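Student:
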Amino acid sequence: MVIECQQCWTLAPRAWPFSDSCCPDAEDYFEVISNPMDFQTMQSKCSCGSYRSVLEFLSDIKQVFSNAEHYNQNGSHVLSCLEKTEQCLIDMLHKHLPGHTYSRRKRKKPSGSPPITAHF
2 MVIECQQCWT LAPRAWPFSD SCCPDAEDYF EVISNPMDFQ TMQSKCSCGS
52 YRSVLEFLSD IKQVFSNAEH YNQNGSHVLS CLEKTEQCLI DMLHKHLPGH
102 TYSRRKRKKP SGSPPITAHF
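Just add 1 to the spot in the sequence shown (first one is 1) and you have this note's numbering.
#1: For Ser81, which three-state DSSP category applies?
#2: If you compare alpha carbons, which of Asp26, Tyr30, Gln44 and Trp17 is closest to His71?
#3: For Val79 and Val65, I'd like the C-alpha separation in whole angstroms.
#4: Going by DSSP, what residue range makes up the alpha helix (DSSP H) through Ser67?
#5: Only counting the same chain, and skipping five residues up and downstream in sequence, which positions put a Cβ closer than 7 Å to that of Ser114?
#6: Residues in its own chain within less than 7 Å of Met38 by CB, not counting five upstream and five downstream?
#7: So, for Leu83: in the same chain, excluding its five sequence neighbours on each side, which residues have a beta-carbon less than 6 Å away from its beta-carbon?
#8: Taking the CB atoms as reference points, tell me whether Thr86 and Ala27 lie closer together than 8 Å.
#9: For Lys110, which residues in the same chain have their Cβ closer than 6 Å to its Cβ, ignoring the five residues on either side in sequence?
#10: Alpha helix (DSSP H) containing Met43: first to last residue?
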């Protein structure tokens, strides 16, 4: 499953904004984002066997997307990429981790919007 998720974030044309914590143009990124996470860091953690549980892995995925929502403006290209990449990962998780739930509350939607939830 981890290999397939790595393929999803490496090969998906819309996953590029999440491969590193920030781009060089985002000078204030680390001032705005207190807990940076990206797919490259996650891949390193997978390679080193640092994840002790599926929940820890899912938590990092959620952190990647939450950071992107927090830092980027509504309607930005990055947030458009987020939706496609997150759906790709949800599809992979559904296939490989039946019984686990992925739920993340979107930050940029108007109040009262339901969280993204997928049950496997």
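We put the beta carbon where it would ideally sit given N, CA and C, even for glycine.
Computed from a predicted structure; not experimentally measured.
Tutor: To lay it out plainly:
#1: helix
#2: Tyr30
#3: So the two alpha carbons sit approximately 12 Å from each other.
#4: Looking at the DSSP string, the run of the alpha helix (DSSP H) that includes Ser67 is Val55 to Tyr72.
#5: Low per-residue confidence applies at Ser114: pLDDT is 45, beneath 50, and the placement is therefore not dependable enough to give any value.
#6: Asp61, Gln64, Val65 and Asn68
#7: Phe66 and Ala69
#8: Going by C-beta atoms, Thr86 is not nearer than 8 Å to Ala27.
#9: Note that Lys110 scores a pLDDT of 47, beneath 50, so its modelled location is shaky; the value from the coordinates is reported in the next line. So the list is empty, once near-sequence residues are dropped.
#10: Phe40 to Cys49
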